[in-house]
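Per our numbering, residue 31 is the first one in the sequence shown, and the count goes up by one each step. Glycine included, C-beta positions come from ideal geometry on N, C-alpha and C. Here the structure is a predicted model, which means the values were calculated and not measured. Report on the following structure.
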Amino acid sequence: MILFIISCTQKVNVAELAEQFAELECKAIMLKDKRYVLADRLREIEMDTVTNRKELDSLNKIIILTKQESLSLADSIKTQLDDLFTHHLKDPSDRVAFNNHLRKVIETKGCMLH
């Protein structure tokens, strides 16, 4: 019973949670940007497929790997957010503070939000 009272009275360290989560967010942003670059390059290559067949095959392999990495990262982000909201960020004001701090951390790290 005492442990429950102590754990309920401890304030959530929103800044620390946001710092940790920002790594995943930045990686997701960079992967999204990479997917757009790959899609643009794919369109360029497809216009001249005869001379660029080898490059097209290589690019398709990279696209598949990037897609798999993106899907895996999306699952990790969803799982961590579910955990954060269930166990640490139950209060709506903590969630707002977390989101605000997360945006600041992402901007500081040089990740772009599009």
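Start and end residues, alpha helix (DSSP H) containing residue i
i             : result
histidine 131 : 122-139
DSSP-derived helix/strand/coil call for residue i
i             : result
serine 37     : Note on serine 37: pLDDT 47, under 50, position unreliable in the model; the coordinate value appears next. It is helical.
valine 44     : helix
aspartate 113 : helix
methionine 60 : helix
asparagine 90 : helix
leucine 119   : coil
aspartate 70  : helix
aspartate 78  : coil
Neighbourhood of residue i by C-beta distance below 7 Å, restricted to the same chain and skipping five residues each side
i             : result
lysine 41     : none
glutamine 110 : Phe51 and Leu54
aspartate 124 : Val42 and Val44
histidine 131 : Val44, Ala45 and Ala48
Close-in-space but distant-in-sequence residues of the same chain around residue i (CB under 8 Å, 5 per side omitted)
i           : result
leucine 86  : Leu72, Ile75, Glu76 and Thr79
leucine 114 : Leu47, Phe51 and Phe128
For residue j and residue i, believed in contact at Cβ under 8 Å, the rounded distance
i             : j           : result
isoleucine 93 : alanine 58  : Between alanine 58 and isoleucine 93 the Cβ distance is about 17 Å, and since that is not below 8 Å, they are no contact.
leucine 89    : leucine 68  : 7 Å
arginine 65   : serine 102  : About 14 Å separates the two Cβ atoms, so there is no contact after all.
lysine 139    : cysteine 56 : 5 Å
Residues near residue i in its chain [Cβ-Cβ closer than 6 Å; skip 5 each side]
i           : result
serine 37   : Only weak support is given to the placement of serine 37: the predicted model assigns it a pLDDT of 47, under 50, and the value that follows is read from those uncertain coordinates. So no residue of the chain qualifies.
alanine 127 : Val44
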